[in-house]
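Undergrad:
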Amino acid sequence: MVVVMSLFMLLTACSSGSGGSQGELGQLQQLAGRCDPAAPPASFIGIDGSGSSSAEAITAERMAAIESVVTETAVCSGTLSVVGFSGSSGSTIQLFSSSLAQEGATLNARLKRVPAAVDTAIETIRSGYVEALGALPQNGSDIVGVLRLGAEYAAQLGAPFQLRLVILSDGVQTTGVDLGSRISTSGELEQLADGLAVPQLSGATVTVAGLGKISTGSYPTPLVEGLVVFYTRLCARTGAARCSAVTDYVVAGR
């Protein structure tokens, strides 16, 4: 958890500001040291557009998480897709889709272009966020379906890209199984996860963040803990290299 928090602090620090300072360049260099040149990130962010997540505080936290992913993707010469989703994998809307690889003969030359690229991407996402998510059906969430969307995105890109899937949601799946209708035991929740069809995401990093956070506050602690169990099990079944199911966006990441 400390490692993840440190990464988040690094990401937010290197993406805030107009760029160009030696301190900022140094932070980006540190982040670049974490990149795998042989497997640039295919970052796919799914944002839950259901009405339960419409609070300004939730939006602000999500934008901070998105900026972190955008920064890392740009530093590591990856590509990014951001979509809003609701009650089915067919109910999606595109907010951003582009390569974030920067031109330059040297690492430093490429890194110096990152802050401006991040600012442009975030502005595009932010400017369309409210209208795009508001246009989605507001009566449900198919979070499991976003796993399939991420798998399709990675398949379209192919090698050498490696999927980094981030799902920003309160975690209450309503399609196929309604996780908000009851508080189950850990064993029951794992059985529910085992009964759902999931794609194979070998080598991927998967994060489901914002569990339990809704516009009116948060779900009861037992339900939130159950959501963590459910998504941890679900992710493990995909064969992903790394799985994270968390409440606070600040601790989401690699």
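Going letter by letter, the sequence shown gives residues 52 to 305 in this note's numbering. Ideal Cβ placement from N, Cα and C applies to all residues, glycine included.
Quick one: using the 10 Å Cβ neighbour count with 16 as the cut-off for buried, is Pro31 buried or exposed?
TA: Within the shown structure, residues of the chain are numbered from 52 to 305, placing residue 31 beyond reach of any answer.
Undergrad: State the DSSP-derived secondary structure class of Asp29, mapped to helix, strand or coil.
TA: Within the shown structure, residues of the chain are numbered from 52 to 305, placing residue 29 beyond reach of any answer.
Undergrad: What does a CB cutoff of less than 7 Å around Ala125 pick up in its chain, not counting 5 residues either side in sequence?
TA: Within the sequence shown, the letter at position 74 stands for residue 125. Answer for Ala125: Leu151, Gln153, Val165, Ala168, Val169, listed in chain order.
Undergrad: Are Ser132 and Gly196 closer than 8 Å when you measure CB to CB?
TA: Taking the first residue of the sequence shown as position 1, residue 132 is located at position 81. Taking the first residue of the sequence shown as position 1, residue 196 is located at position 145. Their beta carbons are not under 8 Å apart, which means Ser132 does not touch Gly196 by this criterion.
Undergrad: So Arg235 and Gly277 are supposed to be a Cβ contact under 8 Å. How far apart are they, rounded?
TA: The sequence position of residue 235 within the sequence shown is 184, counting from 1. The sequence position of residue 277 within the sequence shown is 226, counting from 1. It is Ser, not Arg, that sits at residue 235 in the sequence shown. Between Gly277 and Ser235 the Cβ distance is about 6 Å, and since that is below 8 Å, they are a contact.
Undergrad: Leaving out five residues on either side along the sequence, give the residues of the same chain with a beta carbon under 6 Å from the beta carbon of Cys127.
TA: Here residue 127 is taken as the residue at index 76 of the sequence shown, counted from 1. Closer than 6 Å at the Cβ level, and outside the excluded window around Cys127, lie Cys86, Pro91, Pro92.
Undergrad: Pick helix, strand or coil for Gly254, following the three-state DSSP scheme.
TA: What you label residue 254 is simply residue 203 of the sequence shown in a count that begins at 1. Note: Gly254 maps to coil in three-state DSSP.
Undergrad: Please return the same chain residues whose Cβ sits closer than 6 Å to the Cβ of Gly185, not counting the five positions on each side in sequence.
TA: Against the sequence shown, residue 185 aligns to sequence position 134. Correct list: empty, nothing qualifies.
Undergrad: Between the C-alpha atoms of Ser269 and Leu198, what's the straight-line distance to the nearest angstrom?
TA: Position 218 of the sequence shown, counting from 1, holds the residue named residue 269. Position 147 of the sequence shown, counting from 1, holds the residue named residue 198. Straight-line Cα distance between these residues: approximately 24 Å.
Undergrad: Give the range of the alpha helix (DSSP H) segment to which Asp170 is assigned.
TA: Against the sequence shown, residue 170 aligns to sequence position 119. Segment 165–185, the alpha helix (DSSP H) holding Asp170.
Undergrad: From Gln80, Ser94, Gly84, pick the residue whose C-alpha is nearest to that of Arg215; which is it?
TA: Mapped onto the sequence shown, residue 215 falls at position 164. Arg215 has its Cα closest to that of Ser94, out of Gln80, Ser94, Gly84.
Undergrad: Below 8 Å, can you find three or more Cβ-Cβ pairs linking the region 237–248 to the region 115–125?
TA: Result no; under three Cβ-Cβ pairs closer than 8 Å.
Undergrad: Using a Cβ-Cβ cut-off of 8 Å (strictly less than) and excluding sequence neighbours within five positions of Tyr204, which residues of its own chain qualify?
TA: Your numbering for residue 204 matches position 153 in the sequence shown. Correct list, in chain order: Ala93, Phe95, Ser132, Leu214.
Undergrad: Specify, as a first and last residue, the run of the beta strand (DSSP E) that Thr298 falls within.
TA: Translated into positions along the sequence shown, residue 298 becomes position 247. Counting along the chain, Thr298 falls outside any beta strand (DSSP E), and DSSP gives it neither H nor E.
Undergrad: Could you give the first and the last residue of the continuous alpha helix (DSSP H) run that contains Gly277?
TA: Within the sequence shown, residue 277 is the residue found at index 226, counting from 1. Residues 272–289.
Undergrad: What residue ranges within the region 70–114 form continuous alpha helix (DSSP H) runs of no fewer than 4 residues, ordered along the chain?
TA: List check, alpha helix (DSSP H) in window: 73–83.
Undergrad: Return the first residue and the last residue of the beta strand (DSSP E) that Gly135 is part of.
TA: One-based indexing of the sequence shown puts residue 135 at position 84. From DSSP, the beta strand (DSSP E) with Gly135 extends over 130–136.
Undergrad: Taking only the alpha-carbon atoms, compute the straight-line gap between Pro88 and Gly129 and give it to the nearest angstrom.
TA: Position 37 of the sequence shown, counting from 1, holds the residue named residue 88. Position 78 of the sequence shown, counting from 1, holds the residue named residue 129. Rounded to the nearest angstrom, the two C-alpha atoms are 10 Å apart.
Undergrad: Put Gly201 into one of helix, strand or coil per three-state DSSP.
TA: Numbered from 1 along the sequence shown, position 150 holds the residue referred to as residue 201. Residue state, collapsed to three classes: helix.
Undergrad: Just list the residues that DSSP pairs Val259 with in beta bridges.
TA: In the sequence shown, the residue the question calls residue 259 occupies position 208. Val259 pairs with Ile218, Ala296.
Undergrad: Rounded to the nearest angstrom, how far is the Cβ of Thr298 from that of Leu262, given a contact under 8 Å?
TA: As a first step, residue 298 must be located in the sequence shown, where it is residue number 247. As a first step, residue 262 must be located in the sequence shown, where it is residue number 211. Right, their Cβ atoms sit about 5 Å apart.
Undergrad: Tell me the residue span of the alpha helix (DSSP H) that contains Leu151.
TA: Residue 151 sits at position 100 when you count from the first residue of the sequence shown. Counting along the chain, Leu151 falls outside any alpha helix (DSSP H), and DSSP gives it neither H nor E.
Undergrad: Quick one: grab the DSSP three-state call for Gln189.
TA: For this step, residue 189 is matched to residue 138 along the sequence shown. Gln189 falls in the coil class under three-state DSSP.
Undergrad: Helix, strand or coil for Gly268? Go by DSSP, reduced to three states.
TA: Counted from its first residue, the sequence shown places residue 268 at position 217. Here Gly268 sits in strand by DSSP.
Undergrad: Is Gly74 buried or exposed, if buried means 16 or more other CB atoms sit within 10 Å of its CB?
TA: Position 23 of the sequence shown, counted from the start, is the residue given in the question as residue 74. Exposed, since its Cβ has fewer than 16 Cβ neighbours within 10 Å.
Undergrad: Gln213 bridges to which residues according to DSSP?
TA: Numbered from 1 along the sequence shown, position 162 holds the residue referred to as residue 213. For Gln213, which the question treats as bridged, DSSP gives the partners Pro92.
Undergrad: For Cys286, which residues from the same chain have a beta carbon less than 6 Å from its beta carbon, with the 5 sequence-adjacent residues on both sides left out?
TA: Taking the first residue of the sequence shown as 1, we reach residue 286 at position 235. Closer than 6 Å at the Cβ level, and outside the excluded window around Cys286, lie Val257, Cys294.
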